[in-house]
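Residue numbers (the working numbering): 3 to 60. Glycine is no exception: its CB is placed at the ideal position from the N, C-alpha and C atoms.
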């Protein structure tokens, strides 16, 4: 879990920006979006194979 400590004389806005950067860098938001809905393993394999066939990163 990303954690940001508020420094002395630091505004909440700057701490929030640092927190958002850490979350983005850790890939937490993309993981949450990926896990929003369950995807059966067979459908996941099919989607990845289709993306590879099209030359698109999944």
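- Taking the CB atoms as reference points, tell me whether residue 63 and residue 35 lie closer together than 8 Å. Outside the displayed range of the chain (3 to 60) lies residue 63, so it cannot be described from this structure.
Next on the checklist: If you follow the alpha helix (DSSP H) that residue 23 is in, where does it begin and where does it stop?
Outcome noted: First-last of the alpha helix (DSSP H) with residue 23: 14-28.
Give me, in chain order, the residues of the same chain whose beta-carbon lies closer than 6 Å to that of residue 20; leave out the 5 immediate sequence neighbours on both sides. Around residue 20: 6.
| message | I'd like the span of the alpha helix (DSSP H) that includes residue 54, first residue to last. | response | Start and end: 43-56.
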